[in-house]
Amino acid sequence: MRVEITVNGSGRSDDVEPRLLLVHYLREVCGLRAANVGCDTTSCGACTVLLDGVSVKSCTVLAVQANGRSVTTAEGLSGVDGQLHPVQQAFRQEHGLQCGFCTPGMVMATVGLLAENPDPTEQEVREGLEGNLCRCTGYHNIVRAVLSAAGRLPAAGESSGSSAPGALAAPGALSAPGELSAAGER
Amino acid sequence: MIPSRFEYVAAGSAAEAVDLLRRHGDDAKLLAGGHSLLPMMKVRLAAPSVLVDIGAIPALSYVRVEDGQLAIGAATTHQAVSTSPVVRAQAPLLAWSAGLVGDPQVRHRGTIGGSLAHADPAADLPMTLSAVDGRVVVLGPSGQREIGADEFFLGYFETALAPDEIIVEVRMPVRPDQPWGYQKFTRRANDWAIVGVATVGGRVALANMGPAPVRARSTEQAVAGGATATEAARLAAEESDPAEDMHADAPYRRHLARVLTKRALIAAGVPA
Chain A
525 MRVEITVNGS GRSDDVEPRL LLVHYLREVC GLRAANVGCD TTSCGACTVL LDGVSVKSCT
585 VLAVQANGRS VTTAEGLSGV DGQLHPVQQA FRQEHGLQCG FCTPGMVMAT VGLLAENPDP
645 TEQEVREGLE GNLCRCTGYH NIVRAVLSAA GRLPAAGESS GSSAPGALAA PGALSAPGEL
705 SAAGER
Chain B
29 MIPSRFEYVA AGSAAEAVDL LRRHGDDAKL LAGGHSLLPM MKVRLAAPSV LVDIGAIPAL
89 SYVRVEDGQL AIGAATTHQA VSTSPVVRAQ APLLAWSAGL VGDPQVRHRG TIGGSLAHAD
149 PAADLPMTLS AVDGRVVVLG PSGQREIGAD EFFLGYFETA LAPDEIIVEV RMPVRPDQPW
209 GYQKFTRRAN DWAIVGVATV GGRVALANMG PAPVRARSTE QAVAGGATAT EAARLAAEES
269 DPAEDMHADA PYRRHLARVL TKRALIAAGV PA
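Structure representation (structure tokens):
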């Protein structure tokens with residue numbers, strides 16, 4: 525089946541089998557290897573990417589379900605000049621990784637979380653990353669990194685916020701966070 | 029893990045989906061968020077030859093109040109249900125329950141209709157539909173019909189849906205100011221309930237205490253008769269037929285049902 529998918533801002537058109545999983549499409553068709561296949565059972569979150577700006581586990585999405593939509597992987601976060609996204613910077617600064625396998629998924633889940641809730645409490649960060657497992661159990665610094673990216677960590681920088689609010693927007697998002705509620709409510 | 033081969037059709041409307049189901053019969057399955065079906069297909073517990081995708085039909089995703097009823101489109105995601113100000117105000121028990129399904133990524137994809145049609149007795153939403161006295165609106169070749177929660181769930185992963193019917197809407201009475209209780213006992217984050225309890229408006233429903241959501245009718249009658257939560261909760265497992273698995277044997281599940289029901293009833297305003 526022919527699919528048209530915007531991957532990290534670039535439109536693509538590919539012939540795929542309907543049973544091709546999005547994570548395999550990204551890794552094997554697009555050559556983007558940031559999203560990892562960890563558990564392959566919708567549990568670990570290592571394959572997390574953004575679909576229209578919203579975090580999803582790409583091992584449990586068919587590539588054909590992304591037809592006509594926009595996908596962002598960790599490769600799509602950094603700027604054209606290679607500058608790291610504020611969330612990536614925060615993970616580096618706070619040492620929010622050990623072996624690194626869960627990191628692309630953690631980073632993408634964080635970008636999605638902060639797009640929905642730009643100013644989370646530590647509890648909200650922990651609940652927001654409930655779908656991402658770190659086998660190194662490095663959660664402490666991961667949570668610090670997310671709080672740092674959100675400007676919630678006093679020691680993180682000279683100013684109150686380590687990044688401009690707009691810089692945290694999820695690439696490819698269709699709507700502002702406030703518009704995520706279901707249609708028909710307004 | 030790769031699913032078996034299948035043909036994929038994206039339906040443009042609910043009526044088109046019904047037509048596709050009618051044409052392909054038992055070989056076809058509906059795909060919405062895919063967060064129950066795709067994991068089963070990946071381990072080949074399910075191998076439909078045709079997938080009818082209803083996940084991208086905007087007309088199936090909405091929340092509205094009509095005639096004192098909360099109406100939610102079948103393809104509305106758990107995330108949209110749990111964060112909707114309308115659901116939070118009119119059916120707070122449902123909003124809470126939807127917010128406990130899986131994890132954020134799962135809630136971004138999984139849908140209310142999909143979870144109900146999947147009918148896992150350990151899941152949050154089937155129990156919740158029973159507790160809130162909800163109904164599903166179903167579309168088939170001969171038109172629409174409504175099925176109440178207690179008639180909808182027939183057994184393990186089994187519902188009253190015909191093979192060519194689809195859930196188009198979920199309805200329930202609005203309960204803006206009614207106290208409610210919800211207990212979900214799990215061993216791990218984002219897991220299914222080992223036992224769950226949901227109660228509002230005098231109804232008490234249990235998850236994972238039988239092949240379908242179980243109404244704790246003896247407890248309901250005791251509460252209606254003026255019993256305390258402690259007294260009524262002793263009867264919570266009377267109607268249950270819990271399975272045994274690696275998490276819990278049947279006596280432990282019955283014990284959990286009694287303890288959790290007491291907590292839920294107290295939260296719902298029943299005197300301790």
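Order-wise, the sequence lines are chains A and B.
Take the first sequence: its position 89, counted from the start at 1, is 613 in the numbering used here, and no numbers get skipped.
Take the second sequence: its position 246, counted from the start at 1, is 274 in the numbering used here, and no numbers get skipped.
Glycine included, every Cβ here is placed at the ideal spot set by N, Cα and C.
Please read these numbers as outputs of a predicted model, since none were measured by experiment.
- Task: Could you have a look at ALA103(B) and say whether DSSP puts it in helix, strand or coil?
- Result: coil
- Query: Taking 8 Å as the CB-CB cut-off, is LEU157(B) touching chain A?
  - Reply: no
- Query: Between VAL164(B) and chain A, is there a C-beta pair that is closer than 8 Å?
  - Reply: no
- Based on Cα-Cα distance, which residue from VAL114(B), VAL196(B), HIS275(B) and ALA226(B) lies nearest to GLU44(B)? VAL196(B)
- Query: Is there a Cβ from chain B that is less than 8 Å from the Cβ of GLN589(A)?
  - Reply: yes
- Query: When burial is assigned at 16 or more other CB atoms within 10 Å of the CB, is GLU193(B) buried or exposed?
  - Reply: buried
- Message: Taking the alpha helix (DSSP H) that ALA260(B) belongs to, which residues open and close that run?
- Response: First-last of the alpha helix (DSSP H) with ALA260(B): 257-261.
- Message: In whole angstroms, give me the CA-to-CA distance for THR104(B) and ASP178(B).
- Response: 22 Å
- Item | Coil, strand or helix - TYR280(B) by DSSP | helix
- Cβ-based neighbour list, ARG286(B), same chain, cut-off 7 Å, excluding 5 preceding and 5 following: ALA261, ARG262, ALA264 and ALA265
- Message: If I measure Cβ to Cβ from GLU528(A) and keep anything under 8 Å in the same chain, skipping five residues before and after, which residues do I get?
- Response: The residues are GLY535, ARG536, SER537, ASN591 and GLY592.
- Give the residues from the segment 29-56 of chain B that approach chain A closer than 8 Å (Cβ to any Cβ), ordered along the chain. MET29, ILE30, PRO31, SER32, ARG33, PHE34, GLU35, TYR36 and ALA38
- So GLY254(B) is in the beta strand (DSSP E); what residue range does that whole segment cover? Here GLY254(B) belongs to no beta strand (DSSP E), and DSSP marks it neither H nor E.
- Have a look at LEU574(A), LEU657(A), LEU550(A) and LEU671(A) and flag the residue whose alpha-carbon is nearest the alpha-carbon of SER567(A). LEU657(A)
- Task: Express the C-alpha separation of ASP148(B) and GLU186(B) in angstroms, rounding to a whole number.
- Result: 8 Å
- Can you list the residues of chain A that GLY83(B) reaches, using a CB-CB cut of under 8 Å? For GLY83(B), the neighbours in chain A by C-beta distance under 8 Å run, in chain order, GLN589.
- Message: If we define contact as Cβ-Cβ less than 8 Å, is ASP148(B) a contact residue for chain A?
- Response: no
- Message: Tell me which residues of the segment 210-242 of chain B have at least one Cβ-Cβ distance to chain A shorter than 7 Å, keeping chain order.
- Response: Correct list: ALA217 and ASN218.
- Residues sharing a beta bridge with TRP208(B), DSSP: VAL228(B)
- So, helix, strand or coil for GLU94(B), using DSSP? strand
- Query: If you measure from the beta carbon of GLY142(B) to each beta carbon in chain A, is any gap under 8 Å?
  - Reply: no
- How long is the line joining the alpha carbons of GLY60(B) and GLU259(B), rounded to whole angstroms? Inspection of the sequence shows that residue 60(B) is occupied by Ala rather than by Gly. For ALA60(B) and GLU259(B), the distance between alpha carbons rounds to 43 Å.
- Message: I'd like to know whether the C-beta of PRO542(A) is nearer than 8 Å to at least one C-beta of chain B.
- Response: yes
- Message: So, at 6 Å on beta carbons, what are the nonlocal neighbours of ARG137(B) in its own chain, with the 5 sequence-adjacent residues on each side left out?
- Response: Apart from the 5 residues on each side of it in sequence, ARG137(B) sits with its Cβ closer than 6 Å to the Cβ of GLY61 and HIS63 in its chain, given in chain order.
- Status (buried if at least 16 other CB within 10 Å, exposed otherwise) for LEU121(B): buried
- From ARG551(A) to PRO154(B), what does the alpha carbon distance come to, in whole angstroms? 36 Å
- Query: Under the DSSP definition of a beta bridge, which residues are partnered with LEU79(B)?
  - Reply: TYR36(B) and LYS57(B)
- Message: Beta-carbon within less than 7 Å of LEU128(B)'s beta-carbon, same chain only, minus the 5 sequence neighbours each way: which residues are those?
- Response: Excluding residues within five positions, the ones whose Cβ falls inside 7 Å are ASP152 and LYS212.
- Query: List, in order along the chain, the chain B residues whose C-beta lies closer than 9 Å to that of SER579(A)?
  - Reply: What SER579(A) touches in chain B: PRO132, GLN133 and HIS136.
- Task: Mind the definition here: the segment 580-591 of chain A touches the segment 555-570 of chain A only if three or more C-beta pairs lie below 8 Å; say whether that holds.
- Result: Yes: at least three Cβ pairs fall under 8 Å.
- Message: Can you tell me where the alpha helix (DSSP H) holding ASP47(B) begins and where it ends?
- Response: Segment 42-52, the alpha helix (DSSP H) holding ASP47(B).
- Message: Just to confirm my understanding: we take PHE181(B), look at its own chain, exclude 5 residues before and 5 after, and list those with CB closer than 7 Å. What are they?
- Response: Excluding positions up to five away in sequence, the list reads ALA147, PRO154, THR187, ALA240 and PRO241.
- Task: Rounded to whole angstroms, what's the CA-CA distance from LEU293(B) to VAL561(A)? Just pull it up for me.
- Result: It is roughly 43 Å from the alpha-carbon of LEU293(B) to the alpha-carbon of VAL561(A).
- Item | Chain-order list of residues whose beta-carbon lies under 7 Å from that of PRO204(B) (same chain, five-residue window excluded) | ALA117 and GLN118
- For PRO67(B), return the contacting residues in chain A, with the cut-off set at a CB-CB distance below 8 Å. THR565, THR566 and THR584
- Query: If we cut at 8 Å on Cβ distances, does GLU552(A) have a partner in chain B?
  - Reply: no
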